[in-house]
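Residue numbers for the sequence shown follow this note's numbering, beginning at 6 and rising by one. Just so it is clear, CB atoms sit at the ideal spot from N, CA and C, and this is done for glycine as well.
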Amino acid sequence: NNLPIAFALDGFSVYGVKEPDGSTMQTLDTCHEHIFNSGVYHYHGTNTYPYVVGAMRGVVTTDPTTAAPENQILPQAFASPLRPATNPLNGASITAYASTGTNAYKLTYKRGTKFGYVEYSFNAANKYTFILTDTAGVAVTTSYQR
């Protein structure tokens, strides 16, 4: 199953180093794109420059306040943190990630020989609840409203 790894802002699929049918990637143009055998246009992400989409083939809206060649596509993605950052877990390795219910997830990590957990869920009102359980078994529950 070779699903897209992303979708470009023009709506076309972005695949990794294999074609949608799992076959070897065909030759790409300078924008890291081509039309596949089925007539479907798509991009690829690779380990060489430009790594992913070099230019958009599809229709996009550009920001009128920026001039080419540095104009940007609208809308721009943005990040708005849901909760404050916590300290990094140096030496931790993620060992599992799973859905535990509707809109509920659990990440398990290992630090040394002990395990810790990050559990989170959200509801239709955009209330997010986090349960952070450290490797000593101490759990802290916090909720945030988006």
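Return helix, strand or coil for residue i, following the three-state DSSP convention.
i: Ala97; result: strand
i: Gln31; result: coil
i: Leu87; result: coil
i: Glu124; result: strand
i: Arg116; result: strand
i: Leu8; result: coil
i: Val58; result: coil
i: Ser43; result: coil
i: Gly106; result: strand
Can you name, in chain order, every residue of its own chain whose Cβ lies under 6 Å from the Cβ of residue i, other than the five neighbours on each side?
i: Thr66; result: Leu79
i: Leu145; result: It should be pointed out that residue 145 corresponds to Val in this sequence rather than to Leu. Cβ neighbours of Val145 beyond the five flanking positions: Leu137.
Assuming residue i and residue j are in contact, meaning their beta carbons sit under 8 Å apart, how far apart are those beta carbons, in whole angstroms?
i: Val19; j: Tyr54; result: Not a contact, Cβ separation roughly 16 Å.
Within a Cβ cutoff of 8 Å, which residues of the same chain sit near residue i, ignoring the five residues on either side of it in sequence?
i: Asn128; result: Asn108
i: Gly3; result: Here the chain has residues from 6 to 151 only, and residue 3 is not among them.
i: Thr100; result: Thr113, Tyr114, Lys115, Phe120
Measuring alpha carbon to alpha carbon, tell me which residue in the options is nearest residue i.
i: Arg88; options: Pro9, Arg151, Asn7; result: Arg151
i: Pro93; options: Phe17, Tyr102, Gly106, Arg116; result: Arg116
i: Thr51; options: Asn42, Gln31, Ser43, Asp68; result: Gln31
i: Ala130; options: Ser148, Gly27, Thr118; result: Ser148
i: Gly59; options: Asp15, Asn95, Thr134, Thr29; result: Asp15
Who are the near neighbours of residue i in its chain, counting only those whose CB is closer than 7 Å to its CB and skipping five residues on each side?
i: Thr71; result: Gln77
i: Gly121; result: Tyr114, Thr138, Asp139, Thr140
i: Leu33; result: His39, His49
i: Ile10; result: Val19, Tyr20, Gly21, Gly50
Distance cutoff 9 Å, beta carbons only. Does residue i sit that close to anything in chain B?
i: Thr140; result: Among the chains in the structure shown there is no chain B, since it carries only a single protein chain.
Report the rounded CA-to-CA distance for residue i versus residue j, giving the unit in angstroms.
i: Lys4; j: Val64; result: Missing from the structure shown is residue 4; the chain here goes from 6 to 151 and no further.
i: Tyr125; j: Thr105; result: 9 Å
i: Gly21; j: Ala13; result: 13 Å
i: Ala73; j: Thr35; result: 19 Å
i: Asp26; j: Asn7; result: 7 Å
i: Val123; j: Met61; result: 38 Å
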